[in-house]
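Notes for the one structure printed next.
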Amino acid sequence: MNTDGTIHARAIRKSFGPKLVLKDVDLDIASGEVCCIIGPSGSGKSTLLRCINGLETVDTGVLKVNGEDLGYYETETAYHRLNKKKIAEQRTRIGMVFQQFNLFPNMTAQENVMAGPVLVKGAEKGAAARQAHELLASVGLSGFGDYYPAQLSGGQQQRVAVARSLAMDPEIMLFDEPTSALDPEKVGEVLAVMKDLASKGMTMVVVTHEMGFAREVADSLIFMDEGCIVERGDAREILRNPKERRTQSFLEKVL
Amino acid sequence: MLNSNGHRRETTVSGVDPALKPRLRRRSTFEYFAWIICCLLAVGILFSVSTNPNFKWHVVARYFTHETIIRGLMLTIFLTVASMVFGTLLGLVLAIMRSSSIKPIAATAGVYITLFRGTPVLVQLIFWFNIAALYPNLTIGIPFTDISTAVDVNALIAPITAALIGLTLNEAAYMAEIIRGGFAAVGKGQIEAADSLGMSGAMKMRKVIIPQAMPSIIPATGNQVIGMFKETSLVSVLGVAELLQSAQLIYARTYETIPLLIVASLWYLVMTLLLSYPQAQLEKKYSRATSLLPRKAKKVVLTAPEGIAR
Ligand SMILES: Nc1ncnc2c1ncn2[C@@H]1O[C@H](COP(=O)(O)OP(=O)(O)O)[C@@H](O)[C@H]1O
Ligand SMILES: [Mg+2]
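Line order of the protein sequences matches chains Y and Z. Residue 113 in my numbering sits at position 113 of the first sequence, with consecutive numbering throughout. Residue 73 in my numbering sits at position 73 of the second sequence, with consecutive numbering throughout.
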C-alpha cells in the first residue's frame, strides 16, 4: 500500500511543563485529503500541526507521517530518536506555511523558493531557478522573483512562502492560519492558491478561521477544544449541522 | 475681513498675521546661566593652555609627526586590526559553541567567556607575557613515537606575541557575547522555517542566522574597534613600542613628559574621531527600518506593483 501523503496519529499526547496541550489525539488523513482544523485559540491546533511537522516532539503516542514514524524509529520497547540527517530528510517531505510567512528577509523571492532545493537537496542552481520561476508563476507572482520580502505585500509574501514549501516537492502541506495575518482584501489571493493546490491532489492540513474555504475546499473538518478533537467528519456536514454542543456554540460565534 | 481662503484674518498691533508667527522655545534662566558658565570655563581653559609655557606646544608640534611616533602609531593600528580580526573570528566560534545544544561544548565556551571577561585585560596581558614561568618548554611531538621538538617558550612569547595573544583572547570573549546577542535577535520563526525545509545546523547558521544577525553585530563591532584602539595602549607595559610606549621612550630621554603625552593623546583622539564617522554611519544604516532590505535590494523599484491574484 502506498502510504505517501498520509498522516496517522494514535493517542498522541503533548505537554508544555505541567500543561497538557494535546490529550490523546487520534488523527487519520488519507493521501490527497484536505482537512481543515478549527477551534478556539489555545485549543492546541498549532501544536498538533507542529508535531506533524516535527517542530515539536510528542510525549507519547504513535505518529506516522508518510507512513514512517516521525523523528523516531521503533523497537520492541521504545521509540529512539533518529539522527538529524534522517529527521531533516523526513521534513523535506512535509511543507509548512506559517501565519507570519517567515520568508528569509535576506533573500529575494526567487532565492527563498530556491533555498530548499539548492541548500538542502543540493540541486543544480540553473534547474532550481527554472523551477522557482515556474512555481512563482503558479502562485501568480511571475516577475516578482527579484523582489525582497520587505518589498512585497502580505498576500504576496504568503504566496511566496507557499511556493517555497512546494519547491521541496512535499507529499503533505501544513498551513497554520495562513491568512490570519493578512489584510482582508489579500485573503482571497492566498486562498485561491491553496484551492488550486487542493485540486491538484495535495494532502493538506489547514488550521483556519475561513469557514468559506472549509466549506468549499475541505473534505474533512476537525473541531478542537482544550487539546481534544471534539468533533470530526465531512466538512459541509459539520458546518451545516454540528452534533456536539461545543462545536455548535463555536460556530455560532464565528459564522 | 476675509482673506482669499475665506479665513478671518486678524490683524494685530504689529500687523503680523498670528497664524504665521513662529512659536518660540522657552529658555529657562538656568539655560542662560549654563551658557555663561560654559563659555567662561572654555575661555579660561583655552587661555591657560595656550599661555602656560609648560605645555610646550612647539615640542608637541615637533614630535607630532616624529618618526618614532608614527612607527608607534602604525604598530597600534596593526595591533588593533589584528586583534579585532582574530578576536572576531574566535568570538564567532565561541558564539556558535555557546549556542550548541551539546552541553559540554556550550559549557566550555561559557567558562571561557566568564574567565576572560571576568579578569582585567592588563592582568591577562602580563599573564601571557610570563606564561613561560608556567610552561618553560613546549614540546611538540607525535604521540606514541619518539619524534618531538622542544621549543623554548620564553623565546616564543616575545612581547608583541604576548600582546597579540592577550588582546585577541580577551576581545574574543566580548565579541562572542555580541555575536550571540545578534543570533538571539533572529526570530524564532526564521529558524522554524529553515527547520521545516530540512536545513542542517551549519546551513541554517550560514544562510539564515548569520546574515540576519549582521545588522545588530556590525555597529557593536565598530564600537569595539574604537575601544580596542585605545585598549592597545595597555600593551606598553610589556615594552611593545606602540603609540604610548613610543611617546614614553622619547620622554624618558628628553623629560618632555606632558608634551609627548599630548602627542599620543592627540593621535588617539584623531583616530577615534576618524573612526566615529563611519561608526555613526553604520549605526544609522542598520537602525533604519529598511535595514531589513539587503543593499542589493535598492536596485529594484521599491513600490511593488500588486500581483495578480487568481
Ligand atoms: N512552546 C510553548 N511553551 C509553552 N506553552 C505553549 C507552547 N506552545 C503552545 N503552548 C500552549 O499550548 C496551548 C495550545 O497552544 P496552540 O497550539 O498554539 O493553540 P492554538 O493554535 O489552537 O491557538 C496554549 O495554551 C499555549 O499557551
Ligand atoms: Mg495557533
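Using N, Cα and C, we set each Cβ at its ideal position, and we do this for glycine too.
Confirm, please, whether the CB-CB distance from residue j to residue i is below 8 Å.
i, j, result
"residue 276(Y)", "residue 35(Y)", "Past the edges of chain Y, shown from 1 to 255, lies residue 276(Y), and the structure says nothing about it."
"residue 174(Y)", "residue 116(Y)", "no"
"residue 79(Z)", "residue 164(Z)", "yes"
"residue 28(Y)", "residue 11(Y)", "no"
"residue 172(Y)", "residue 37(Y)", "no"
"residue 144(Y)", "residue 152(Y)", "yes"
"residue 100(Y)", "residue 189(Z)", "yes"
"residue 58(Y)", "residue 13(Y)", "yes"
"residue 162(Y)", "residue 209(Y)", "no"
"residue 70(Z)", "residue 63(Z)", "no"
"residue 171(Z)", "residue 124(Z)", "no"
"residue 84(Z)", "residue 228(Z)", "yes"
"residue 276(Z)", "residue 53(Y)", "no"
"residue 214(Y)", "residue 251(Y)", "no"
"residue 92(Y)", "residue 168(Y)", "yes"
"residue 176(Z)", "residue 113(Z)", "yes"
"residue 179(Y)", "residue 193(Y)", "no"
"residue 151(Z)", "residue 131(Z)", "no"
"residue 247(Z)", "residue 237(Z)", "no"
"residue 191(Z)", "residue 204(Z)", "yes"
"residue 157(Z)", "residue 129(Z)", "yes"
"residue 158(Y)", "residue 141(Y)", "no"
"residue 232(Z)", "residue 167(Z)", "yes"
"residue 147(Y)", "residue 109(Y)", "yes"
"residue 280(Z)", "residue 183(Z)", "no"
"residue 268(Z)", "residue 230(Z)", "yes"
"residue 48(Y)", "residue 22(Y)", "yes"
To the nearest angstrom, report how far apart residue i and residue j are at their CA atoms.
i, j, result
"residue 211(Y)", "residue 44(Y)", "19 Å"
"residue 234(Z)", "residue 122(Z)", "6 Å"
"residue 4(Y)", "residue 233(Y)", "22 Å"
"residue 289(Z)", "residue 210(Z)", "Residue placement at residue 289(Z) is flagged as unreliable, the pLDDT there being 45, under the threshold of 50; the coordinate-derived value follows with that caveat. Going from the Cα of residue 289(Z) to the Cα of residue 210(Z) covers about 19 Å."
"residue 47(Z)", "residue 37(Z)", "15 Å"
"residue 104(Z)", "residue 98(Z)", "10 Å"
"residue 65(Z)", "residue 118(Y)", "55 Å"
"residue 133(Z)", "residue 255(Z)", "35 Å"
"residue 77(Y)", "residue 24(Y)", "20 Å"
"residue 154(Y)", "residue 188(Y)", "12 Å"
"residue 204(Y)", "residue 97(Y)", "11 Å"
"residue 91(Z)", "residue 67(Y)", "44 Å"
"residue 87(Y)", "residue 81(Y)", "9 Å"
"residue 197(Y)", "residue 193(Z)", "20 Å"
"residue 139(Y)", "residue 160(Y)", "7 Å"
Tell me, please, whether the CB atom of residue i is closer than 8 Å to any CB atom in chain Z?
i, result
"residue 205(Y)", "no"
"residue 266(Y)", "The requested residue 266(Y) is not part of the displayed model; chain Y covers only 1 to 255."
"residue 96(Y)", "yes"
"residue 231(Y)", "no"
"residue 88(Y)", "yes"
"residue 168(Y)", "yes"
"residue 18(Y)", "no"
Can you list the residues of chain Z that residue i reaches, using a CB-CB cut of under 8 Å?
i, result
"residue 83(Y)", "Ordered by position in chain Z, no residue passes the 8 Å Cβ test against residue 83(Y), which lies about 11 Å from the chain."
"residue 92(Y)", "197 and 198"
List, in order along the chain, the chain Z residues whose C-beta lies closer than 7 Å to that of residue i?
i, result
"residue 100(Y)", "189"
"residue 116(Y)", "197"
In this structure, what does DSSP give as the bridge partners for residue i?
i, result
"residue 15(Y)", "20(Y)"
"residue 28(Y)", "8(Y)"
"residue 47(Y)", "DSSP lists no partner for residue 47(Y)."
"residue 223(Y)", "38(Y) and 231(Y)"
"residue 79(Y)", "74(Y)"
"residue 174(Y)", "96(Y) and 205(Y)"
"residue 272(Z)", "DSSP output for residue 272(Z) lists no bridge partner at all."
"residue 149(Z)", "140(Z)"
"residue 60(Y)", "13(Y)"
Using a Cβ cut-off of 8 Å (strictly closer), state whether residue i contacts chain Y.
i, result
"residue 197(Z)", "yes"
"residue 192(Z)", "yes"
"residue 207(Z)", "yes"
So with CB distances below 7 Å, who are the chain Y contacts of residue i?
i, result
"residue 34(Z)", "Here the premise fails: no neighbours, minimum Cβ distance about 44 Å."
Along chain Y, which residues have their Cβ under 8 Å away from the Cβ of residue i?
i, result
"residue 203(Z)", "119 and 120"
Could you tell me whether any non-hydrogen atom of ligand 4 is closer than 7 Å to the CB of residue i?
i, result
"residue 223(Y)", "Although ligand 4 was asked about, the structure shown includes only ligand 1 and ligand 2 as ligands."
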